[in-house]
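Data block below; observations after.
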Amino acid sequence: MSAKLKKSLLLLLSALLLVGVSQVQRSLNVDRDKLGFTRVAPLENAPPVLAFTTVALGGFRGIISNILWMRATDLQENDKFFEMAQLAQWITQLEPHFVQVWLVQAWNMAYNISVKFKDWPDRWRWVKGGVELLRDEGLRYNPNEMLIYRELGWIFQHKMGQNLDDASLYYKQMWADEMAVVFAKKAPNLDELLHPQTPDQFQRLNLLTNKYKMDPKLMKEADDLYGPLEWRLPESSAIYWAHLGLRAAKERPAKVNKEDLITLHRVIYQSMQMSFKRGALIPNALEKNFDFGPNLDIIPRVNDAYVQAAEEEVQMRDNIHNAHRNFLRDAVYYLYLHDRMKDAQKWFEYLSKEYPNKPLVDGKPDSLPKTLTLDQFCVARAIENTKSFMGKDEAEAFIEGQLRTSFIRIIEDRDAEAKATERLMEQFHAYHQSQVPKERAGPIGLRPFKDLQRQALNSLLDPEKGLRPEPRAILRSKLGLPAETAPARNTNSAPQKVTSR
Amino acid sequence: MQRLLAIAWLTWKAALRFRLFIVVAALLLLSVIGLPLLLKDDGTARGFTQILLTYTLSTITGLLGLSTLWLSCGTLARDIEDCQMQVVAVKPVARWQIWLGKWLGIMSLNAVLLALSGISVYGLLLWRANKLPPGEQAILRNEVLVARGSAKERSYDKEIQDETSRRLRERLEKNPISTADFKEVEKQIREQVKADLQVVPPGYSRPWQIELGIAKNWLHARPLQVRLKFNAADRSTSGTFYGIVRVGVPQKTKLYQSDTLSLAPDTFHEIPIPPDLYDDQGILTVTFLNPNNTALLFTLDEGMEVLYPEGGFGLNFARGIGVIFCWMGLLAAIGLAAATFLSFPVAAFFAMGILVLVSSSNLLASTIEEGGLGNYNAEKGGHTNTPVDWLVIPVFKGALNLINLAKEFSPIDNLSTGRSIPWSQLGRAFAQVVLLLGGIFALGGVFIFSRRELATAQGTH
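So the sequences go chain by chain: A and B.
Residues in the first sequence are numbered consecutively from 113, following this note's numbering.
Residues in the second sequence are numbered consecutively from -18, following this note's numbering.
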């Protein structure tokens, strides 16, 4: 046999073996995954450089990853953060299936590194970096890992949603700004992204799916299950990612850890409760930004979530019942404050039925549901919120402050809330007067309610110390008052930080 | 001199013949051009510039360091093994001239390669900086592409020592202590005295009077940065503490007050302050207000300092490259010294071993600190001694002192954080790294090479 023929035959044989082994390899990988022989599953969706690196380095990946991790720790101790994003990328890419690596790196970026910066934009960049690491990279290589979904949800819920970080309001504003682009700077409408018609809608759908890795169908699903949600707020994203984690768990029930499931459920419950308390964005005409308000439409769903959590978490049942009762008390009070009297009455009755033997007012054991009406409960809550019985000056200042707020609500077109606040203050005024002994009515009794109301209004309409001209004009117009005549002085000069000698 | 230059030229020719020069130059340029495409920065122009400086200069140092070791080991050891050295040695050239000529040849090669890659990095940085928006450019030019000097509060060592001695005397008069406890008690009292200077209690403020010295003459209308770091006595739920920085003295200088800042403990924070806040004597008064419920501690050495522009980035960059060049000089000396008595592969291995030793200096330092090689004994609360500690610890101390002579310079770090590398530092680097450490290896190498019987060298092929 000639050398040429021999070489050709060998080449053919190697090609045949290569094809054969590729078939076996596939079934081997399936078996390996099924039988749990190794944690290192073949990478999917990985760019060629990463796929090559992970294969070529083999077992040395761990060593290199450790060295990089040590360097990252050293740098962090020396406050050198500019390399951290690069090191985190290398470390996670060397161990793309090691979930803890993703979790620790993302946590480190969002929690530890972010607070090292004094400026809010710097902090936000690192919080966002943690989110992006999990969402854009971690889930790409580990689409079924519940812990990554949980961590992602937690960063949205806790780091951005709660107010432990001094910059948390900035995070919310930044996130709302980013989401506002997706929703065309108006109230989120998932339907137009589900069925896009215009180029702008297609473009925004593209942004949502490619940049934020969110699927409008799944968003709608989460909204139907746990909402209605305000998608410009971080807690809605927390719910979304936890919901996806639960879906992933359903697909691989054999590999689900029950504890992980509970943590995912918790992210949803806690985020829903946050959504109830301040899950609505209300445009502030005065400051040209958003205020947070309660999302009262979500109350039935939050209630369901509590009931479900109490059923699922047997060991935590007492604590969950306590939290549920507190939630119901808040719900009734908030509904009352927003002039949704019918709903307030309905939930008040539900609260009374669920917890008939628990006092409604803290520190008053005899305030059982059967002893109080809805009005009495809400006045008691208003007093409870002020912590103690107030003296004349404090009570008048409190009422006047609340009445000022109610006038501001009128400017903001939130008339129902304004009306409810006014009514509550009127009742609070009456309650306070009823507690004053008749012989002391002169010195410690309050001024008439109408006087306090007029004073609150005049303070807002004062051209020098009150509101700016535009909101003053709106308020006058809505209250049917005559227009202002005297010119207003400009009082908004900026304070000087540097003074001259 | 002519003989030295002739040997240096032979080294150049060897480097060109081996295509080492071309390969290293290509690799250096590739790293300078390629790294910016691969690196993931933190999203800011400042961060990108810092990571670019760090990674390109580190790569240049690493590549050049390895090629220097390789060439220095190879050029001498291979010449001996290939019996070419025997031909040179019979000519009227002293052995020390051969050794030094080779060193000069390698260093001139390094000078060209470093200049080439340094100019590329510098050009790349300026090119990228000029493409940024003006705001980003200002940040870069004030904080990174600049040579910033540092001023701190005057030293309180004497006052601390005097006060410690006084309190110790009082203590001894009241309660005599054993000799064994003396040092510990003195240490505790010194820490108490230092705490009075370092701690800012809740609700209080602490002024630092920082003398800018002659720098005040060129700092008119130039912004400065206050750099501070504190430790907290307690944790906060947010992970940060509030603080307000005031600069200046009422009725005496212009005043500045920051907003209430949210600051993490154990972290350096740089706070830009407006220009011209110092008094006629060049004293800048910085006051920190602590509105928290916990005490904050500013250590005397790094708690508070002021950074001011001292010079341009270009010259600072050149000085940084100069320090790297000094390191190359030492590596060339190590490689040549090893090649004088070892074959090429063994010399390369030996030189790499020295590098490993240098890189593990932290291990040496911790062993010295622990006082021995033994493991930690939890019951006794200390490390157990081993029989060889009496020898190992002094050797480690000596080695560490030598290593620190070369390692104490950090030009890449200084350049990436916009800190000044003064001429004095470059001079010290030259004296310590090239003259002293390189000189030790040179003397050893020349001594061995002069006495080596070249005719006995066995060629490998």
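Built from N, CA and C at the ideal position, the CB exists for glycine as well.
Inset, instruction - State the beta-bridge partners of B/Gly224 as determined by DSSP. - result: B/Leu242
Inset, instruction - Answer with buried or exposed for B/Val93, where buried requires no fewer than 16 other C-beta atoms within 10 angstroms of its C-beta. - result: exposed
Inset, instruction - Report yes or no: is there a C-beta of chain B within less than 8 Å of the C-beta of A/Val227? - result: yes
Inset, instruction - Say whether the segment 159 to 175 of chain B touches the segment 240 to 255 of chain B, bearing in mind that this needs 3 or more beta-carbon pairs closer than 8 Å, one atom from each stretch. - result: no
Legend entry - Sequence-distant residues of its chain with Cβ nearer than 7 Å to A/Pro607 (five each side left out): Since pLDDT at A/Pro607 reaches only 34, below the 50 mark, its modelled position is unreliable, and the value read off the structure follows with that caveat. Here the set comprises nothing.
Inset, instruction - Could you please tell me which residues of the segment 266 to 292 of chain A, in chain order, have their CB closer than 8 Å to any CB of chain B? - result: Leu276, Asp277, Asp278 and Ala279
Legend entry - 7 Å Cβ cut-off: residues of chain A touching B/Leu244: Lys230
Inset, instruction - Over the uninterrupted alpha helix (DSSP H) stretch that includes B/Ala202, give me the two end residues. - result: Counting along the chain, B/Ala202 falls outside any alpha helix (DSSP H), and DSSP gives it neither H nor E.
Legend entry - Per-residue burial, B/Tyr259 [other beta carbons within 10 Å of its own, 16 or more giving buried]: buried
Legend entry - Cross-chain neighbours of A/Phe193 in chain B, by beta carbon under 8 Å: Asp23 and Gly28
Inset, instruction - Would you check if there are 3 or more beta carbon pairs closer than 8 Å linking the segment 262 to 281 of chain B to the segment 59 to 70 of chain B? - result: no
Legend entry - Nearest-angstrom Cα separation, counted from A/Leu199 out to B/Gly399: 22 Å
Inset, instruction - Specify, as a first and last residue, the run of the alpha helix (DSSP H) that B/Val427 falls within. - result: Gly420 to Arg432
Inset, instruction - Indicate whether at least one CB of chain B lies closer than 8 Å to the CB of A/Ala197. - result: yes
Legend entry - Chain-ordered neighbours of B/Phe325 on chain A, where CB pairs are closer than 7 Å: In chain order: nothing, as chain A lies at least about 27 Å away.
Legend entry - Chain-order list of residues whose beta-carbon lies under 6 Å from that of B/Phe422 (same chain, five-residue window excluded): Ala314, Ile315 and Ala318
Inset, instruction - Would you please state the rounded distance, in angstroms, between the beta carbons of A/Asp215 and A/Ile260? I believe it to be under 8 Å. - result: Checking the displayed sequence, the identity of residue 215 of chain A turns out to be Leu instead of Asp. At roughly 7 Å, the Cβ-Cβ gap stays under 8 Å, so A/Leu215 and A/Ile260 are in contact.
Inset, instruction - Report all residues from its chain with a CB closer than 8 Å to the CB of A/Ile411; omit the five preceding and five following residues, and keep chain order. - result: Phe388, Ala443, Leu447, Asp455 and Trp459
Inset, instruction - Check B/Thr321 in the structure and name its three-state DSSP category. - result: coil
Legend entry - Local conformation of B/Ala132 per DSSP, three classes: strand
Inset, instruction - Would you mind sorting B/His201 into buried or exposed? The rule is 16 or more other CB atoms within 10 Å of its CB. - result: exposed
Inset, instruction - Whole angstroms is fine: what's the gap from A/Ile196's alpha carbon to A/Gln188's? - result: Inspection of the sequence shows that residue 196 of chain A is occupied by Met rather than by Ile. Cα to Cα, A/Met196 sits roughly 8 Å from A/Gln188.
Inset, instruction - Give the straight-line distance between the Cα atoms of B/Pro326 and A/Met221, rounded to the nearest whole angstrom. - result: 45 Å
Inset, instruction - Count the CB pairs spanning the segment 106 to 119 of chain B and the segment 382 to 390 of chain B that are closer than 8 Å, and state whether there are at least three. - result: no
Legend entry - Touch test, the segment 278 to 294 of chain A against the segment 369 to 389 of chain A, Cβ-Cβ under 8 Å, three pairs minimum: no
Legend entry - Cβ shell of B/Leu311 (< 7 Å), same chain only, five flanking positions each side left out: Ala387, Val414, Val415, Leu418 and Gly419
Inset, instruction - Kindly indicate which three-state DSSP category A/Gln274 falls into: helix, strand or coil? - result: coil
Inset, instruction - Please state whether DSSP places A/Trp214 in a helix, a strand or coil. - result: helix
Inset, instruction - Return yes when the Cβ of A/Leu393 is within less than 8 Å of the Cβ of A/Glu425, no when it is not. - result: no
Legend entry - Reduced DSSP category for B/Arg187 - H, G, I as helix; E, B as strand; rest coil: strand
Legend entry - Members of the segment 244 to 260 of chain A near chain B, C-beta cut-off 7 Å: none
Legend entry - Member of A/Asn369, A/Met272, A/Ala292 and A/Asp231 whose CA lies at the smallest distance from the CA of A/Lys284: A/Met272
Legend entry - Through-space distance from B/Pro73 to B/Phe428, alpha-carbon basis: 18 Å
Inset, instruction - With a 10 Å radius around its C-beta and 16 neighbouring C-beta atoms as the bar for buried, classify A/Trp353 as buried or exposed. - result: buried
Legend entry - Residue interval of the alpha helix (DSSP H) (run including A/Gln450): Reading off the sequence, residue 450 of chain A comes out as His, not Gln. No alpha helix (DSSP H) contains A/His450, which DSSP labels as neither H nor E.
Legend entry - Which of helix, strand or coil DSSP assigns to A/Glu94: Nothing can be reported for residue 94 of chain A, as the shown portion of chain A is limited to 113 through 613.
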